[in-house]
Amino acid sequence: MTSVTDSDVQQMLFCMYTVLAGNSILMYDHMATLPEEIVFIWRRPKALSAILFLLNRYVALLSNICGLVMDFVPVSSESCLKYALYRQLAILLQTAIVCIIMTIRIYALYDCSKRLLAWMGIVIVALAGLACARLVIFQATWKSCQELAAMKHFQKR
1 MTSVTDSDVQ QMLFCMYTVL AGNSILMYDH MATLPEEIVF IWRRPKALSA
51 ILFLLNRYVA LLSNICGLVM DFVPVSSESC LKYALYRQLA ILLQTAIVCI
101 IMTIRIYALY DCSKRLLAWM GIVIVALAGL ACARLVIFQA TWKSCQELAA
151 MKHFQKR
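Residue numbering for the sequence shown follows full-length UniProt numbering, starting at 1 and increasing by one per position.
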């Protein structure tokens with residue numbers, strides 16, 4: 001197992017607190033805009049764009065909360081590996097939602113061109129295939145999970 005230095009722990013803590021600050025701003029934004037969201041999204045008939053907006057908003061929020069929990073609790077290598085898989089799947093889902101939203105917007109901007117929609121569909125399928133291939137090859141995360149567990153163990157001493 002690799003040895004962990006004080007500098008490694010300081011860098012890890014800096015990253016964790018930076019992520020915490022960013023997530024705090026995100027959660028504040030969610031709370032600050034909730035009244036408008038209720039009026040303009042929740043109380044109206046649900047169009048596909050509204051459903052995708054809500055999915056994008058809350059899948060990101062939930063995955064970020066899970067990420068914060070994993071960052072600030074002691075974690076074994078096994079649970080870290082499970083979290084790494086979950087995180088990759090959450091990122092894949094969020095990316096797919098954003099791609100669909102952007103596809104709908106571009107389709108509307110280009111006067112509902114079926115030809116453009118077909119090309120965007122081909123690109124999306126190709127990118128989804130690459131993303132899934134990347135997900136299958138994520139086993140390199142195993143080593144980084146062991147290092148993370150070692151750093152968290154070192155931090156508690």
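Every residue gets a Cβ at the ideal spot worked out from N, C-alpha and C, and that includes glycine.
Quick caveat: nothing in here was measured; it's all calculated off a predicted structure.
So residue i and residue j are supposed to be a Cβ contact under 8 Å. How far apart are they, rounded?
i: Leu135; j: Leu68; result: The pair is not a contact, with the Cβ atoms about 22 Å apart (cut-off 8 Å).
Find out if the Cβ-Cβ distance for the pair residue i, residue j is shorter than 8 Å.
i: Leu26; j: Asn56; result: no
i: Ala96; j: Ala128; result: yes
i: Met120; j: Ile137; result: no
i: Ile38; j: Ala50; result: no
For residue i and residue j, I'd like the C-alpha separation in whole angstroms.
i: Phe154; j: Leu54; result: With a pLDDT of only 47 at Phe154, under the threshold of 50, the placement of this residue in the model should not be trusted, and no figure is reported.
i: Lys156; j: Ala60; result: Residue confidence for Lys156 is low, a pLDDT of 48 falling below 50, so the modelled location carries little weight and cannot support an answer.
i: Leu62; j: Asn23; result: 11 Å
i: Cys47; j: Val98; result: The sequence given here places Ala at residue 47; Cys does not occur at that position. Straight-line Cα distance between these residues: approximately 16 Å.
i: Val125; j: Leu117; result: 12 Å
i: Val10; j: Val123; result: The question names Val, but residue 10 is Gln in the sequence shown. If I take the Cα positions, the gap works out to 41 Å.
i: residue 173; j: Arg43; result: Not covered by the structure: residue 173. The range shown for the chain is 1 to 157.
i: Ser3; j: Ala133; result: 32 Å
i: Gln88; j: Ser79; result: 14 Å
i: Asp8; j: Leu109; result: 48 Å
i: Ser77; j: Cys15; result: 19 Å
Using a Cβ-Cβ cut-off of 8 Å, state whether residue i counts as contacting chain D.
i: Cys80; result: Of the chains in the structure shown, none is chain D; there is only one protein chain.
Three or more C-beta pairs under 8 Å: does that hold for the stretch 79-90 against the stretch 101-110? Flag = no, the stretch 79-90 and the stretch 101-110 do not touch.
Three or more C-beta pairs closer than 8 Å, one from the stretch 30-37 and one from the stretch 62-81: is that the case here? Contact between the stretch 30-37 and the stretch 62-81 is absent, with fewer than three C-beta pairs closer than 8 Å.
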